[in-house]
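Novice: Read in order, the letters of the sequence shown are residues -19 to -1, 1 to 588 in mature numbering (1 follows the signal peptide of the UniProt record, and there is no 0).
Built from N, CA and C at the ideal position, the CB exists for glycine as well.
Fair warning: this is a prediction, and the values are worked out from it, not measured in the lab.
Just passing along the structure, written as structure tokens.
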Amino acid sequence: MKATVLSLCVLLLALSAEAGLAETSLHMEELTWEEIETALAEGTDTAIITIGATEQHGPQIAMASDSITGDYLAPEIARRLGRTLIAPNIRVGVSPHHMTFPGTITVRSEVLAKMIMEYAHSLIWHGYRHIAIVPTHGGNFTTVAEVGRRLNTLYPYVNVMAFADADRYIGALVSTSERLGVPLDVAGSHAGMSETAMALAVRPDLVRMNRAEEGFMGDAYGIGEQMNREGTRAVAPTGALGDPRPATAEFGAAYLDALATMLTEFFEQGREQWRPEPASDLPHGGPSAPKGDLAEGIRARRDGDIAAAKAFFEQRMRRHPDQLEPRVQLARTMILAGEYAESSALLSPLLDSKDFRARLAANDELALIALYQGRFADAIRHKNAARVLTVENGGSDADAARRFMQIGYIQTEFGDLDAASDSFARALERVPAASALGLDVIHLAALGEIKQGSLHTVGDRLRIIGDAVFEAGLNNQLRRFYQLDAELRLADGHAADALASITRAIGIYDHPLYRETEVRALLALERFEEAENSLLHIIRLTDARLDIPTMFVRAHYRLGRLYESQGRMDDAGRLYTEFLDYWGASDAPLPEIREARDALSRIRSGG
């Protein structure tokens, strides 16, 4: 009876292989882009990534043993799951313990992790909703677990199912050995009877049974730590754990079927039960808590009590008229109160100060006032002056990079995208990419590239940020990944995915740049009341908008458009008027200014 069952397994394996030739391939590398596009449009939403190895498997199996297991399992799982395509098998893994055997190729865990991440970034870009990751080499399980954690952190709208349960994988093999009546020391683990049998079932041309000999006979799974520590050859001189000589293709078919069944159940359950989860344990990415003599005033300003903050800083200025910081903080508070002329009057005398730090602060703050008033050329002039001051007075590369970045952002805001690209490039020449400031530059440069339609370049920048956020001290930079990913999703017409990402960015730092992305996602989803609330929130923000006033000003225009679309003409007229009070005399020919004027004319004429 047992022989009949095993023969049936082999027959099914053969029929499965023949059927695979007749049907449309499930392997992405064997399909055209049009065929994959059609599959995605017709409901394919799952991709499988298998990770094998190129390493010794005793004298009897070729180096590809783990990889050919993946070659078999991937299409078998895909057929059983449905709606699934297969990414190219990753055929190298973490195998340092086998390096004393010629032919083994090992990669470090972090290198393999990056390769899997690159696969996933690409697949998610194309719209796969579920990513199934299958390691078929024991040394890859830990890496796969970490990759799954990272990808699920980065993409809240994607279900990354990283199979990393080594005990369950081993359990499927052990239970099959017991069912077949194969002693566990004979079945072994690495290149023993069970693995040799699987190779015979899938690729008999890669097995040299005439070279098979008994290997380590003992607890093959319990010897793993010693093998990792001392190397495989110290435990098993032939490289085999178990006795491969009784192996047959019939046995191999049974082992493979057990693995395919177990893995299919895992991914089937993971796909059916998955629901996007709300964010938890997000890092803090906003301004640090204020400290020192001026902390009370800054806290009052952040809490929205502008009058109390202003009174506090005025009192400090009277007590310490020669101190720079109280004057700067008072000027910033006046900016939030809309007292631009008063703030300018407070700052302008500093431009003639003998202290370069005073001139530096004045230029930085006067640039912000210029942005509130739509004077983009003046804003750039002040930022350039600040940059020159830092260089002339021994400022760091980071100081210069920060000013180039700010100039690039201003240029982006009034549409000079080529100049902005040059400014961002000059900033990146002066600061490491894998730093908080470097990621800030990359992030803002990418936002400009989205406006230019260079989405593939933005995708590369997104990956750089995605790698960096898992480095020590950079986890709060996740907000930049989420916002940039949200912008890409919006550009690709996936507003719900964009909203899932941008909500997390806001959870890290409630910033007007992120809120503005949220507004566009909500509008695309026709969630108008929430969009209105978010726009009003941008207008109410305090310190978070000090360095990015353009979002504050544009929020008035966007609210005007929203109200006009809802027939709330009085509200629309009021918001358009407020917008033009800020930017009506702008030196940049922004389309919003023309559209706001046209809208006001329509409203006033009753048209």
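1) Could you please give me the residues that DSSP links to residue 38 through a beta bridge?
2) Just the Cα atoms here: how many angstroms apart are residue 276 and residue 268?
3) If you run the structure through DSSP and keep just helix, strand and coil, what is residue 140?
4) Counting C-beta neighbours from all protein chains within 10 Å, is the total for residue 175 16 or more, i.e. buried, or is it exposed?
5) Which two residues bound the contiguous beta strand (DSSP E) that contains residue 29?
6) Should residue 103 be flagged as near chain B, meaning a C-beta pair shorter than 7 Å?
7) Please name the residue in 122, 529, 319 and 204 whose C-alpha comes closest to that of residue 425.
8) Where residue 333 and residue 340 are concerned, what is the direct C-alpha to C-alpha distance, given to the nearest angstrom?
9) Note down the Cα distance separating residue 30 from residue 493, rounded to an integer number of angstroms.
10) Does the Cβ-Cβ distance between residue 544 and residue 573 come in under 7 Å?
11) Take residue 107 and list the residues in its own chain whose beta-carbon comes closer than 8 Å to its own, dropping the five residues that flank it on each side.
12) For residue 552, which residues of its own chain have a beta-carbon under 6 Å away from its beta-carbon, when the five flanking residues on both sides are left out?
13) Within the continuous beta strand (DSSP E) that includes residue 113, where are the two ends?
14) Just confirm the distance between the C-beta atoms of residue 173 and residue 224, as a whole number of angstroms; I'd bet it's less than 8 Å.
15) Need the endpoints of the beta strand (DSSP E) that residue 67 sits in, please.
16) May I have a chain-ordered list of the beta strand (DSSP E) segments no shorter than 3 residues that lie completely inside the region 443 to 526?
17) When burial is assigned at 16 or more other CB atoms within 10 Å of the CB, is residue 210 buried or exposed?
18) Under the assumption that residue 367 contacts residue 411 (Cβ atoms under 8 Å), give the Cβ distance between them as a whole number of angstroms.
19) Compare the C-alpha of residue 95 against each of 131, 67 and 110 and name the closest.
20) Spatial neighbours of residue 198 within its chain, please: CB distance less than 6 Å, with the 5 preceding and 5 following residues excluded, ordered by chain position.
21) Please give the ranges of any alpha helix (DSSP H) in the region 396 to 449, keeping only runs that are unbroken, at least 4 residues long and fully inside the region.
22) Do residue 398 and residue 432 have their C-beta atoms within less than 7 Å of each other?
23) Could you check how far apart the C-beta atoms of residue 502 and residue 536 are, in whole angstroms? I think they sit under 8 Å.
24) Kindly confirm or deny that the region 75 to 91 and the region 35 to 49 touch, where touching means at least three C-beta pairs closer than 8 Å.
25) Just checking my contact of residue 68 with residue 9 at CB under 8 Å: how many whole Å lie between their CB atoms?
26) Assuming contact is defined by CB atoms lying nearer than 7 Å, are residue 523 and residue 273 in contact in what I supplied?
27) Below 7 Å between beta carbons: does that hold for residue 360 and residue 352?
28) Hey, how far is the Cα of residue 420 from the Cα of residue 438?
29) By how many angstroms is the C-alpha of residue 208 removed from the C-alpha of residue 216?
30) Please return the same chain residues whose Cβ sits closer than 6 Å to the Cβ of residue 470, not counting the five positions on each side in sequence.
31) If the criterion is Cβ atoms closer than 7 Å, does the pair residue 400 and residue 392 meet it?
Specialist: On the basis of the coordinates in this document:
1) Numbered from 1 along the sequence shown, position 57 holds the residue referred to as residue 38. DSSP output for residue 38 lists 42 as bridge partner(s).
2) One-based indexing of the sequence shown puts residue 276 at position 295. One-based indexing of the sequence shown puts residue 268 at position 287. Spanning the two alpha carbons is a distance of roughly 13 Å.
3) Counted from its first residue, the sequence shown places residue 140 at position 159. In this structure, residue 140 counts as strand in the three-state DSSP scheme.
4) In the sequence shown, residue 175 corresponds to position 194, counting from 1. When all chains shown are included, residue 175 counts as buried.
5) For the purposes of this step, residue 29 is taken as the residue at position 48 of the sequence shown. Taken as a continuous stretch (DSSP letters only), the beta strand (DSSP E) holding residue 29 covers 27 to 32.
6) Considering every chain present, this structure includes no chain B. It has just one protein chain.
7) Counted from its first residue, the sequence shown places residue 425 at position 444. The shortest C-alpha to C-alpha distance from residue 425 to any of 122, 529, 319 and 204 is the one to 529.
8) Residue numbering aside, residue 333 sits at position 352 when the sequence shown is read from its first letter. Residue numbering aside, residue 340 sits at position 359 when the sequence shown is read from its first letter. Rounded to the nearest angstrom, the two C-alpha atoms are 7 Å apart.
9) Looking up residue 30 in the sequence shown gives position 49. Looking up residue 493 in the sequence shown gives position 512. Each residue's Cα considered, the two are about 38 Å apart.
10) Taking the first residue of the sequence shown as 1, we reach residue 544 at position 563. Taking the first residue of the sequence shown as 1, we reach residue 573 at position 592. Going by C-beta atoms, residue 544 is not nearer than 7 Å to residue 573.
11) Walking along the sequence shown from the start, residue 107 turns up at place 126. Counting only Cβ-Cβ distances below 8 Å, and skipping sequence neighbours, we find 17 and 21.
12) Here residue 552 refers to the residue found at position 571 of the sequence shown. Its chain contains 544 as the residues whose beta carbon lies nearer than 6 Å to that of residue 552, once the 5 sequence neighbours on both sides are disregarded; these appear in chain order.
13) The residue given as residue 113 occupies position 132 in the sequence shown. That run of the beta strand (DSSP E) goes 111 to 116.
14) Taking the sequence shown and counting its residues from 1, one reaches residue 173 at position 192. Taking the sequence shown and counting its residues from 1, one reaches residue 224 at position 243. With a Cβ gap of about 7 Å, residue 173 and residue 224 count as contacting.
15) Position 86 of the sequence shown, counted from the first residue, corresponds to residue 67. That run of the beta strand (DSSP E) goes 65 to 67.
16) None, since the region 443 to 526 contains no complete beta strand (DSSP E) of that length.
17) Your numbering for residue 210 matches position 229 in the sequence shown. Label assigned to residue 210: exposed.
18) Stepping through the sequence shown from its first residue, residue 367 is reached at position 386. Stepping through the sequence shown from its first residue, residue 411 is reached at position 430. Residue 367 to residue 411, Cβ: 15 Å. No contact.
19) Reading the sequence shown from its first residue, position 114 is the one you call residue 95. If we check each option's Cα against that of residue 95, 131 comes out closest.
20) Mapped onto the sequence shown, residue 198 falls at position 217. 166.
21) 398 to 409, 417 to 432 and 436 to 449
22) As a first step, residue 398 must be located in the sequence shown, where it is residue number 417. As a first step, residue 432 must be located in the sequence shown, where it is residue number 451. Result yes, Cβ atoms of residue 398 and residue 432 sit closer than 7 Å.
23) For the purposes of this step, residue 502 is taken as the residue at position 521 of the sequence shown. For the purposes of this step, residue 536 is taken as the residue at position 555 of the sequence shown. About 15 Å separates the beta carbons of residue 502 and residue 536, which is beyond the 8 Å limit, so they are not a contact pair.
24) yes
25) By 1-based counting over the sequence shown, the position of residue 68 is 87. By 1-based counting over the sequence shown, the position of residue 9 is 28. Rounded, the Cβ-Cβ distance is 6 Å, consistent with contact.
26) Taking the first residue of the sequence shown as 1, we reach residue 523 at position 542. Taking the first residue of the sequence shown as 1, we reach residue 273 at position 292. Against a cut-off of 7 Å, the Cβ pair of residue 273 and residue 523 comes out as no contact.
27) Taking the sequence shown and counting its residues from 1, the one referred to as residue 360 is at position 379. Taking the sequence shown and counting its residues from 1, the one referred to as residue 352 is at position 371. Yes; because the gap between Cβ atoms is below 7 Å, this pair is in contact.
28) Working through the sequence shown from its first residue, we reach residue 420 at position 439. Working through the sequence shown from its first residue, we reach residue 438 at position 457. Cα to Cα, residue 420 sits roughly 15 Å from residue 438.
29) The count along the sequence shown starts at 1 and reaches residue 216 at position 235. The count along the sequence shown starts at 1 and reaches residue 208 at position 227. The alpha-carbon atoms of residue 216 and residue 208 are separated by roughly 6 Å.
30) Taking the first residue of the sequence shown as 1, we reach residue 470 at position 489. Closer than 6 Å at Cβ, skipping near neighbours: 478 and 479.
31) Taking the sequence shown and counting its residues from 1, the one referred to as residue 400 is at position 419. Taking the sequence shown and counting its residues from 1, the one referred to as residue 392 is at position 411. Their beta carbons are under 7 Å apart, which means residue 400 touches residue 392 by this criterion.
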